[in-house]
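S.K.: Okay, handing you the structure first.
In UniProt numbering, the protein residues as written are 1 to 86.
This is the structure we're talking about:
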């Protein structure tokens, strides 16, 4: 049996309008979760990622190697009429 690898996936957390947090994994399309606290949301997305990876493996799909992904921020000039969410 092969030894399991530890993969570190980037995730994005956002406060939900109704409370709690929504969290997505941008490297796995459709992989998202939520939680009442940041800790709960992170635990839930960990489980969601594991389930998505198992399904992808069963279908023979390839995944992005998260260690090869570069993350950054980009500054843009935005119209002052744009309303930011709270």
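Virtual Cβ for every residue (Gly too), placed ideally from N, Cα, C.
Which residue wins for smallest C-alpha separation from residue 84, given the options 12, 7, 17 and 9?
M.R.: Numbered from 1 along the chain shown, position 84 holds the residue referred to as residue 84. Among 12, 7, 17 and 9, the Cα nearest to that of residue 84 belongs to 17.
S.K.: Drop a sphere of 10 angstroms on the beta-carbon of residue 75, count the other beta-carbons inside from all chains shown, and report buried for 16 or more, exposed for fewer.
M.R.: In the chain shown, residue 75 corresponds to position 75, counting from 1. Exposed is the call here.
S.K.: Inspect the beta-carbon positions of residue 63 and residue 71 and report whether they are closer than 9 angstroms.
M.R.: Stepping through the chain shown from its first residue, residue 63 is reached at position 63. Stepping through the chain shown from its first residue, residue 71 is reached at position 71. In this structure, residue 71 does not lie closer than 9 angstroms to residue 63 by Cβ.
S.K.: What does the Cβ neighbour count give for residue 28, buried or exposed, with the cut at 16 atoms within 10 Å?
M.R.: In the chain shown, residue 28 corresponds to position 28, counting from 1. Label assigned to residue 28: buried.
S.K.: If you measure from the beta carbon of residue 31 to each beta carbon in chain D, is any gap under 9 angstroms?
M.R.: Protein chains in the displayed structure number just one, and chain D is not present.
S.K.: Which residues does DSSP pair with residue 33 in a beta bridge?
M.R.: Here residue 33 refers to the residue found at position 33 when the chain shown is read from its first residue. DSSP, once it has assigned bridges, lists 23 as partnering residue 33.
S.K.: Can you give me the start and stop residues for the alpha helix (DSSP H) that residue 17 sits inside?
M.R.: Position 17 of the chain shown holds residue 17. Note, residue 17: premise wrong, no alpha helix (DSSP H); not H, not E.
S.K.: Where DSSP assigns a beta bridge to residue 12, which residues make up the other side?
M.R.: Locating residue 12 in the chain shown gives position 12, where the first residue counts as 1. BP columns for residue 12 point to 24.
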